[in-house]
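Shown next, in structure tokens, is the structure this report addresses.
Numbering (the numbering used here), first residue to last: 110 to 213.
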């Protein structure tokens, strides 16, 4: 009797940002809570934005015939994907994070 082994499908890992969303919420509004449904929506939103930024960064690197996505591609992607004031804040926060990372 021949036994066939079932192949296990690799599940695409979906990142969860729930703890970070909660930490930011508590920084901004310490007295306000969040429902699990709202948390799920926020998590989906962040995953969606990251996916868009990754795709745009990848496209930019390809256009410029560069094999690597650097902070420059990410920054340009942020400017293209996010609207006006939100992009400005994201760029300044990102620059701050990169500076902190490189100096440590």
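Built from N, CA and C at the ideal position, the CB exists for glycine as well.
Source: prediction; values computed, not measured.
Tell me, please, whether the segment 128 to 145 touches the segment 174 to 192 by the rule of three or more beta-carbon pairs shorter than 8 Å. no
9 Å Cβ cutoff met for residue 200 and residue 162: Against the chain shown, residue 200 aligns to sequence position 91. Against the chain shown, residue 162 aligns to sequence position 53. For residue 200 and residue 162, no; Cβs fall outside 9 Å.
Cut-off 8 Å between Cβ atoms - residues of its own chain near residue 148, not counting five sequence neighbours on either side: Residue mapping note: residue 148 aligns to position 39 of the chain shown, counting from 1. Around residue 148: 127, 130 and 131.
Segment limits, alpha helix (DSSP H) that includes residue 135: Along the chain shown, one-based indexing puts residue 135 at 26. Looking at the DSSP string, the run of the alpha helix (DSSP H) that includes residue 135 is 127 to 137.
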